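Everything on this sheet refers to the single structure shown next.
There are 2 protein chains.
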Amino acid sequence: MTNAEPRIALIERLFELFRVKGYHGVSIADVSEATGLGRSSLYHYFPRGKEEMAEAVIAYARAALTRAVFTPLVSEGPLEARIDGMLSLVSQLYAGGETPCVLASLLSSEAGSPIAEAAARLLCEWTAALAKALRSAGVAEAEALRRASLALGQIQGALVLVRATKRREAFLDALGEARAILIAGAHAR
Amino acid sequence: MTNAEPRIALIERLFELFRVKGYHGVSIADVSEATGLGRSSLYHYFPRGKEEMAEAVIAYARAALTRAVFTPLVSEGPLEARIDGMLSLVSQLYAGGETPCVLASLLSSEAGSPIAEAAARLLCEWTAALAKALRSAGVAEAEALRRASLALGQIQGALVLVRATKRREAFLDALGEARAILIAGAHAR
DNA sequence: GTCTATACTAGGATAGAC
DNA sequence: GTCTATCCTAGTATAGAC
Chain A
1 MTNAEPRIAL IERLFELFRV KGYHGVSIAD VSEATGLGRS SLYHYFPRGK EEMAEAVIAY
61 ARAALTRAVF TPLVSEGPLE ARIDGMLSLV SQLYAGGETP CVLASLLSSE AGSPIAEAAA
121 RLLCEWTAAL AKALRSAGVA EAEALRRASL ALGQIQGALV LVRATKRREA FLDALGEARA
181 ILIAGAHAR
Chain B
1001 MTNAEPRIAL IERLFELFRV KGYHGVSIAD VSEATGLGRS SLYHYFPRGK EEMAEAVIAY
1061 ARAALTRAVF TPLVSEGPLE ARIDGMLSLV SQLYAGGETP CVLASLLSSE AGSPIAEAAA
1121 RLLCEWTAAL AKALRSAGVA EAEALRRASL ALGQIQGALV LVRATKRREA FLDALGEARA
1181 ILIAGAHAR
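Residue numbers (the working numbering), protein chains in the order written: chain A, 1 to 189; chain B, 1001 to 1189.
Shown next as structure tokens:
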């Protein structure tokens, strides 16, 4: 219910703003325009201003990733199915490669700040969840971490490239490649 | 000679600033501090201000990439050697994964602007140069483009991830993966 | 919880002396 | 080519009425 929790609806707008324009690229005026709320209303929801807005966006992203990605990734069932579940959700999350990753945006536009640290932490957790899934399928520690990084890197890189080239196929190709990296046998390729 | 072309030295400082903090994250005060020059001196070199600074950085990046990457990539010699030459230069350029890509930073922090367009163009050219190299080795058009995107995506993604995780090995792994993607036989994997 | 009005700061840019 | 001084806008944040 939007009226019951208007803050959630606000955060979803903020999410879109930050993911596209980065931290410094978003002004309170932008937020005001995107939400239809006046400055004072915004400070009512986020007393500490823009920083609190970005924190809320990351917390929102953490909740969404935990529920939709991390938890399924380390749950029951064959590895392949869990990987495919993640890739399918990733494809939705990034609208088939059209929309940037809010974590990458905040990581690079707010270098060194608590915001960037929080975004970095979440990306680390994602890598760790992937590695844990591989481990549970018998892949050795170091190799699991290596493959998790390659796969998540492939996805993040595709988001950068697609933004530049507008070639959305590249995102699908990257998902396929990530899948191959993750689901390969235990031997190095 | 630094004194003969102080503008070049300036641009190199700007390059470092923009790559780390993004367009909006860099203030003229930052630039002033990083270069030791007062505002007026900066406007002497870049009359149109920050935008012109970012343009100069991209032009600098284009010149460097053209000389060190694009040209060797489509020159004489076996494909493998050309690829390895590029990867070696890429490793230097990004200091083994420690430093972000200025094109990715400007692409995402200045979404929709001429600056972002210029950064996007250069990333496209990079992809095209890679694809052209593959084509010259007999790889079919579509497959060449696919592999070029995957390889450059792997590199760009690793820069994002390493920034978050501080695991520099991930960058080296990504270079290895990019190499495998590019140098694989003509058949799809 | 939202609005209008306002304070305050930082950031971008310019003028003119040297 | 660099400096000091200054202007102006945009941006963040707050106060207080409704």
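Think of the CB as a built atom: it goes at the ideal place given N, C-alpha and C, for glycine as much as any other residue. All values reported here derive from a predicted model rather than from experimental measurement.
Quiz item: Counting pairs of Cβ atoms below 8 Å between the stretch 1116-1127 of chain B and the stretch 142-154 of chain A, do you hit three or more?
Solution: no
Quiz item: Listing by chain order, which chain B residues have their CB less than 8 Å from the CB of R163 of chain A?
Solution: L1107, S1108 and A1120
Practice problem: With DSSP collapsed to three states, give me the class of A174 of chain A. | Solution: helix
Quiz item: Quick one: is K21 of chain A near chain B, going by C-beta distance under 7 Å?
Solution: yes
Quiz prompt | Closer than 7 Å to chain B by CB, G96 of chain A | solution = no
Practice problem: From the DSSP output, in three-state form, read off E76 of chain A for me. | Solution: coil
Quiz item: Which residues, taken in chain order from the stretch 1144-1156 of chain B, show a beta carbon closer than 7 Å to some beta carbon of chain A?
Solution: R1146, S1149, L1150, L1152, G1153, Q1154, I1155 and Q1156
Quiz item: List, in order along the chain, the chain B residues whose C-beta lies closer than 9 Å to that of A170 of chain A?
Solution: T1127, L1145, R1146, S1149, L1150 and G1153
Exercise. Check the Cβ-Cβ distances between L123 of chain A and every residue of chain B, and say whether any is below 7 Å.
Key: yes
Quiz item: Run through DSSP, which three-state label would R168 of chain A get?
Solution: coil
Exercise. Tell me where the alpha helix (DSSP H) around R1013 of chain B begins and ends.
Key: P1006 to G1025
Quiz item: What number of angstroms, rounded off, separates the C-alpha of Q1154 of chain B from the C-alpha of G22 of chain A?
Solution: 22 Å
Quiz item: Distance, Cα to Cα, M1053 of chain B vs L103 of chain A?
Solution: 27 Å
Self-check item: Chain-order list of residues whose beta-carbon lies under 7 Å from that of A966 of chain B (same chain, five-residue window excluded)
Solution: Within the shown structure, residues of chain B are numbered from 1001 to 1189, placing residue 966 of chain B beyond reach of any answer.
Self-check item: chain B residues whose Cβ lies nearer than 7 Å to that of D173 of chain A
Solution: R1146, S1149 and L1150
Practice problem: Compute the Euclidean distance between the alpha carbons of L172 of chain A and I1181 of chain B, then round it to the nearest angstrom. | Solution: 16 Å
Quiz item: Quick one: is A188 of chain A buried, meaning 16 or more other Cβ sit within 10 Å of its Cβ, or exposed?
Solution: At A188 of chain A, the pLDDT of 43 sits below 50, so the modelled position is not reliable and the matter cannot be decided from this model.
Quiz item: Can you name the start and end residues of the alpha helix (DSSP H) that P34 of chain A belongs to?
Solution: It should be pointed out that residue 34 of chain A corresponds to Ala in this sequence rather than to Pro. First-last of the alpha helix (DSSP H) with A34 of chain A: I28 to T35.
Quiz item: Leaving out five residues before and five after R1039 of chain B in sequence, what residues of the same chain have Cβ atoms less than 7 Å from its Cβ?
Solution: I1028 and S1032
Quiz item: Taking only beta-carbon atoms, is V1090 of chain B less than 7 Å away from chain A?
Solution: no
Quiz item: Counting contacts by CB-CB distance shorter than 7 Å, is A1158 of chain B in contact with chain A?
Solution: yes
Quiz prompt | Top-ranked residue by Cα proximity to L1161 of chain B, from B:S1108, B:P1100, B:S1041 and B:E1117 | solution = B:P1100
Quiz item: At least one CB of chain B closer than 7 Å to the CB of E177 of chain A: is that the case?
Solution: yes
Quiz item: Roughly how many whole angstroms lie between the Cα atoms of P72 of chain A and I83 of chain A?
Solution: 9 Å
Quiz item: Any idea if R1067 of chain B is buried or exposed, counting beta-carbon neighbours within 10 angstroms, 16 or more meaning buried?
Solution: exposed
Self-check item: Anticipated Cβ contact below 8 Å, Y60 of chain A with F15 of chain A, distance rounded
Solution: 6 Å
Quiz item: Is A119 of chain A closer than 7 Å to R106 of chain A when the C-beta atoms are compared?
Solution: According to the sequence provided, residue 106 of chain A is Leu. The question's Arg does not apply to it. Cβ distance < 7 Å, so L106 of chain A and A119 of chain A count as in contact.
Quiz item: Does the beta-carbon distance from R62 of chain A to A34 of chain A come in below 7 Å?
Solution: no
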